[in-house]
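Written below as structure tokens is the structure these notes are about.
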Amino acid sequence: MSDKKCSCGCGCDKSQQFKELAPVLEKYAKVPGSLITILQKAQDIYGYLSVDAINYISEETGIKPAKIYGVATFYAQFRLEPIGKYLIMLCKGTACHVNGADIIEESIVEHLNVNDGETTEDGLFTLNNVACLGCCSLAPVMMVQGPDGEETYGNLTKDSVKDILDDIRKRA
Amino acid sequence: MRVVVGQGSCGIATGAKKTAAEFEKQIKEKNLDAKVGVTGCVGTCYLEPIVDVYDDDDNLTRYVKVQPENVSAIVDGHLAKGEPVKEMIISDEDKQFIEKQKRVVLRNAGTIDPENIEDYIAVDGYKAAEKAISSMTPDQVIEEIKISGLRGRGGAGFPTWFKWNAAKQNKGKEKYIVCNADEGDPGAFMDRSVLEGDPHSLIEGMIIGGYSMGATEGVIYCRAEYPLAIKRLELAMEQARQKGFLGKNLFGTNYNFDMRIKAGAGAFVCGEETALIASLEGERGMPRLKPPFPAAKGYWQQPTNINNVETFANVPWIIFNGGKAFGDMGTEKSKGTKVFALAGKIKKGGLVEVPMGLPLKDVIFGIGGGIKNDKKFKAVQMGGPSGGCVPAELIDTPVTYEDITKTGAIVGSGGMIVMDENTCMVDMARYFLDFTRKESCGKCNYCRIGTKRMLEILERITAGEGKDGDIELLEELAGKVKDGSMCGLGQTAPNPVLTTIRYFRNEYEDHIYNKKCTAKSCKPLITYEITDKCKGCTLCSKKCPVGAISGEVKGQHVIDQDKCIKCGRCIESCKFDAITVE
Chain U
3 MSDKKCSCGC GCDKSQQFKE LAPVLEKYAK VPGSLITILQ KAQDIYGYLS
53 VDAINYISEE TGIKPAKIYG VATFYAQFRL EPIGKYLIML CKGTACHVNG
103 ADIIEESIVE HLNVNDGETT EDGLFTLNNV ACLGCCSLAP VMMVQGPDGE
153 ETYGNLTKDS VKDILDDIRK RA
Chain C
143 MRVVVGQGSC GIATGAKKTA AEFEKQIKEK NLDAKVGVTG CVGTCYLEPI
193 VDVYDDDDNL TRYVKVQPEN VSAIVDGHLA KGEPVKEMII SDEDKQFIEK
243 QKRVVLRNAG TIDPENIEDY IAVDGYKAAE KAISSMTPDQ VIEEIKISGL
293 RGRGGAGFPT WFKWNAAKQN KGKEKYIVCN ADEGDPGAFM DRSVLEGDPH
343 SLIEGMIIGG YSMGATEGVI YCRAEYPLAI KRLELAMEQA RQKGFLGKNL
393 FGTNYNFDMR IKAGAGAFVC GEETALIASL EGERGMPRLK PPFPAAKGYW
443 QQPTNINNVE TFANVPWIIF NGGKAFGDMG TEKSKGTKVF ALAGKIKKGG
493 LVEVPMGLPL KDVIFGIGGG IKNDKKFKAV QMGGPSGGCV PAELIDTPVT
543 YEDITKTGAI VGSGGMIVMD ENTCMVDMAR YFLDFTRKES CGKCNYCRIG
593 TKRMLEILER ITAGEGKDGD IELLEELAGK VKDGSMCGLG QTAPNPVLTT
643 IRYFRNEYED HIYNKKCTAK SCKPLITYEI TDKCKGCTLC SKKCPVGAIS
693 GEVKGQHVID QDKCIKCGRC IESCKFDAIT VE
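Line order of the protein sequences matches chains U and C.
Quick note: the first sequence uses my numbering, first residue 3, plus one each step.
Quick note: the second sequence uses my numbering, first residue 143, plus one each step.
Quick look at the structure:
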């Protein structure tokens, strides 16, 4: 575990490879109970938690990688695979379910050719079903997170969802 | 003049930000003397985006469904000439949605700017905290809460004063007061609207609670799925700190109290107190055995008190107006008001706050306006995955903790999902079991494996492969999962199944024995047919994605059942009502 070499193959130092994480670790590494916060910030920076990132956090905090993996897999928010440029969070809450969220999902799956949790081949979209976005009066709803923040779309229909995704694709 | 645009998450989702930007632009272009402000969710979600125009005497005109293209009419008419645009003003009927409510928790929702502490102070904000800390003893505060009869609004309905008192009695080096803002029930958004629309009321409630038990620090455990709520809370805390409402020597006394936010990472089980504490400590959010209760050994093994957002938001009102005023509302055992999130197949969805004891009918039909498209009301789901379905025949049930529990459902955190004749109750049970199975932390065998087996049975039934004995097996498993689980998640997970079997057993039997879904919702159990109303316009055959529909122009069309994927596109496209579902 004491290998300081990077895994990006360029021969740099590991601390160089994860330099964006340095201020986060400086602030939280020694504060007990901060693992979830560190993982959240790491995911914000890199988009997901790679094995290398988990190992690096382990070395810097002294928390065993197995435990970090345990926490990362427990919570719905954490991803161990990279995602596309836009993350589609399709709400599957009760109100959305009653108002046809499954039909919206079918429409997205058909249109983008990806299933829940998968990323399109061009790396543009990742589809993720989520428990509830709390915009129940506008059901069915989805939130799309992209480089310019997140946007919520309500009262979806199987056709409107396709138009929205096409619009995003044009902008990207 | 002031133009205030409602910008909660749902308002923004309907385009409120674009509407506000359009106002800014046009006011500037036309050089008018008007300011554009922001407020949280008013609660009438079905009318978003909502724009309030205040004239110089502070008289309010409320416009609804204001999209950017409607802005110029209001700017040119109302702002420039002082002539309100009548067509877009909220109707008298829609006004009733709010007028029929009794707003305590939502007292400031949709009226103040959540990003400006001065707005909150102007409506007597932080006066309750000042009153409590500078003129009451901790025991007097707890006594006032006891008189109010306030019970936990997160679901369990436990008396708040009792928890506060227990935390006060226990000694510890540190003492924590925690707010559970991890609103995990799918279909509930009461807390989100308070967090986004009136964050200071939560902060003030926590200051008062913290003072009563001698807490040294407050922590808000908020869902990561609510980015706007986190942003506004952080801003509100910073403003409170600058005003001296948080930090050292509050209100000139020697009481010190500060707080912070911890973003949750998405786990329903973290609604359980001990799991929430584990998560705060950076661990997997798994519950542990009680006792010791968190009031004795909680966060970092110190005395800890956890309440829900709505509970805290009630506190400043109670201290300011007195416990009796709160206790005068509601029933003998369920006092005060309760906020419900009305959604599903309802005409007017949104946030509804009513005195406890009001019959369900008054909420769903009186305020919510009844069922969308005037379909038949079938049931209302209350309490999310831990709750159950209350059927149409029990619509007169008063909304109190006791009466709702008798039906097999629970008041829970306040989600009310209304269902009509097209909602399949077996599918509803399957939906919730799918949710609880995914969210089970896996510690107890019955919860981990039992919910999985129950889900498999329900999946079989909704797929048309139900067997004789399935209902009885579900009932048996439900009992065992309840008994064999340590925490509330497992103990209540079977409720949606049990209540649907109790009130809609015939639907289960129809699925199993007659291979029929009466709600016409379970795909494997329905067929699409074209009747002789067909004019042969060929539209449906063009829309069918799998080419299952054939027929000559102007001739009767037919659906090839082997090819049909039951997507429903044909029925949507038919202009002659010629396609039926059986």
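Backbone N, C-alpha and C define an ideal beta-carbon position, used for all residues, glycine too.
Every value quoted in this text rests on a predicted model; they were computed, and no experiment measured them.
- With 16 or more neighbouring CB atoms inside 10 Å of its own CB, residue 361 (chain C) falls in the buried class.
- Interface annotation for the region 310 to 334 of chain C against chain U: 325, 326, 327, 328, 329, 330, 331 and 334, criterion Cβ-Cβ distance under 8 Å.
- Nearest Cα to residue 518 (chain C) within the set C:507, C:309, C:481 and C:524: C:507.
- Residues of the region 59 to 91 of chain U with a C-beta atom less than 7 Å from some C-beta of chain C are 72, 73, 76, 77, 78, 79 and 80, listed in chain order.
- Restricting attention to C:180, C:655, C:347 and C:203, the CA atom closest to the CA of residue 252 (chain C) is found in C:180.
- In summary, the residues of the region 523 to 543 of chain C whose CB is separated from some CB of chain U by less than 9 Å are 523, 526 and 527, in the order they occur in the chain.
- Close to residue 561 (chain C), with beta-carbon spacing below 7 Å, are these residues of chain U in chain order: 100.
- By the criterion of a C-beta distance shorter than 6 Å, residue 165 (chain C) is surrounded in its chain by 145, 178 and 213, once the five residues flanking it on both sides are discounted.
- Contacts with chain U (Cβ-Cβ distance below 9 Å) from the region 474 to 493 of chain C involve 483, 484, 485, 486, 487, 488, 490, 491, 492 and 493, listed in chain order.
- Between residue 122 (chain U) and residue 131 (chain U), the C-beta gap is not smaller than 9 Å, which leaves the two residues out of contact.
- Under the DSSP definition of a beta bridge, residue 7 (chain U) partners with U:15.
- Residue 520 (chain C): member of the beta strand (DSSP E) spanning 519 to 524, first to last residue.
- Rounded to whole angstroms, the gap between the alpha carbons of residue 58 (chain U) and residue 443 (chain C) is 29 Å.
- Between residue 365 (chain C) and residue 406 (chain C), the beta carbon gap of about 5 Å places them in contact (Cβ cut-off 8 Å).
- Of all residues in the region 376 to 410 of chain C, only 404, 405, 406, 407, 408, 409 and 410 place a beta-carbon less than 9 Å from a beta-carbon of chain U.
- Residues of chain C whose Cβ lies closer than 7 Å to the Cβ of residue 37 (chain U) are, in chain order, 424.
- Interface annotation, residue 154 (chain U): in contact with chain C, CB-CB separation under 9 Å.
- For residue 370 (chain C), same chain residues with a beta-carbon under 7 Å away, outside a window of 5 residues either side, are 151 and 338 in chain order.
- The C-beta of residue 610 (chain C) has fewer than 16 other C-beta atoms within 10 Å across all chains shown, which makes the residue exposed.
- Residue pairing from DSSP places residue 203 (chain C) in a beta bridge opposite C:195.
- The beta-carbon distance between residue 125 (chain U) and residue 155 (chain C), rounded to whole angstroms, is 26 Å. This is too long to meet the 8 Å contact definition.
- Within the region 144 to 161 of chain C, the residues whose Cβ lies closer than 8 Å to any Cβ of chain U are, in chain order, 151, 152, 154, 155 and 156.
- Annotation for residue 463 (chain C): no beta strand (DSSP E) segment contains it, though the alpha helix (DSSP H) segment containing it runs 451 to 463.
- Between the C-alpha atoms of residue 715 (chain C) and residue 681 (chain C) there is a straight-line separation of about 7 Å.
- In the DSSP assignment, residue 495 (chain C) forms a beta bridge with C:481.
- In the structure shown, the three-state DSSP call for residue 431 (chain C) is coil.
- Its chain contains 152, 491 and 492 as the residues whose beta carbon lies nearer than 6 Å to that of residue 187 (chain C), once the 5 sequence neighbours on both sides are disregarded; these appear in chain order.
- Counting C-beta atoms within 10 angstroms of its own C-beta, residue 586 (chain C) has 16 or more neighbours from the protein chains shown and is therefore classed as buried.
- A Cβ of chain C is located within less than 9 Å of the beta carbon of residue 42 (chain U).
- Under the three-state reduction of DSSP output, residue 323 (chain C) falls in the strand class.
- Membership of residue 364 (chain C) in the beta strand (DSSP E) is indicated by the continuous run 359 to 364.
- DSSP, read as helix, strand or coil, puts residue 401 (chain C) in strand.
- DSSP places residue 544 (chain C) in the uninterrupted alpha helix (DSSP H) bounded by 543 to 548.
- Residue pairing by DSSP places residue 562 (chain C) opposite C:519 in a beta bridge.
- One Cα belongs to residue 637 (chain C), the other to residue 305 (chain C), and the distance between them is close to 26 Å.
- Residues of chain C whose Cβ lies closer than 8 Å to the Cβ of residue 143 (chain U) are, in chain order, 155.
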